[in-house]
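One structure below.
Residue numbers (my numbering): 204 to 386.
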């Protein structure tokens, strides 16, 4: 598929390294902004009124609340996202991406700035998503987490690929050990 194909663009979601929540929206509203194809956001939807789009909105709210329940954040639904911890903001981003039901989730250092307790929760959620068939591609420097979450690993140093394979096979490659454990 061409990179501009809508099938490609709607099947993947990127979570940046730094939190990107909408601070002045509630946690629930942060998820709802990602709802796909919201008919109420169109000119036609505005002209036809609430009856035209209310069922979509109800379904999106139901989906968002299911994610909040799954990620243990139901009690935070009405709280402002800007008041959440770094780990909670990361969970909001993951849930917002999942609202689009992607086939591929791209993560840029998902544990950066996250409290160790929340790291374990996020790791568990990512393992569950992976077990359900979601493909996860991530950049991560925490090798213990890479080992727990990734089947296949590509190691880069100074912008070049220096190895690929499983973590156990990569540990046996001298160049990789030198690059990451020594230098």
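No residue lacks a Cβ here, since even glycine has one placed at the ideal position from N, Cα and C.
Note that the structure is a prediction, hence the values are computed from the model and not measured.
Look up residue 275 in the DSSP assignment and say whether it is helix, strand or coil.
Residue 275 falls in the coil class under three-state DSSP.
Counting C-beta neighbours from all protein chains within 10 Å, is the total for residue 330 16 or more, i.e. buried, or is it exposed?
Answer is exposed; the Cβ neighbour count stays below 16.
Is residue 286 a contact residue of the ligand ADP, with contact defined as CB to any heavy atom under 6 Å?
The model on display carries no ligand, and the ligand ADP is accordingly not part of it.
Helix, strand or coil, according to DSSP, for residue 253 in the structure here?
Helix at residue 253.
So, helix, strand or coil for residue 211, using DSSP?
Annotation note: pLDDT 46 at residue 211 (below 50); position unreliable, no value reported.
Starting from residue 295, follow its DSSP beta bridges and name the residues at the other end.
Note: residue 295 sits in no beta bridge, so no partner.
Compare the beta carbon distance of residue 333 and residue 237 with 7 Å and say whether it is the shorter of the two.
No, Cβ-Cβ distance for residue 333 and residue 237 is not below 7 Å.
For residue 279, which residues from the same chain have a beta carbon less than 6 Å from its beta carbon, with the 5 sequence-adjacent residues on both sides left out?
The residues are 230.
Restricting to Cα atoms, I'd like to know which of 283, 276, 260, 249 is closest to residue 321.
Nearest C-alpha to residue 321: 276.
Closest by CA to residue 270, which one among 374, 373, 234?
For the residues 374, 373, 234, the minimum Cα distance to residue 270 belongs to 234.
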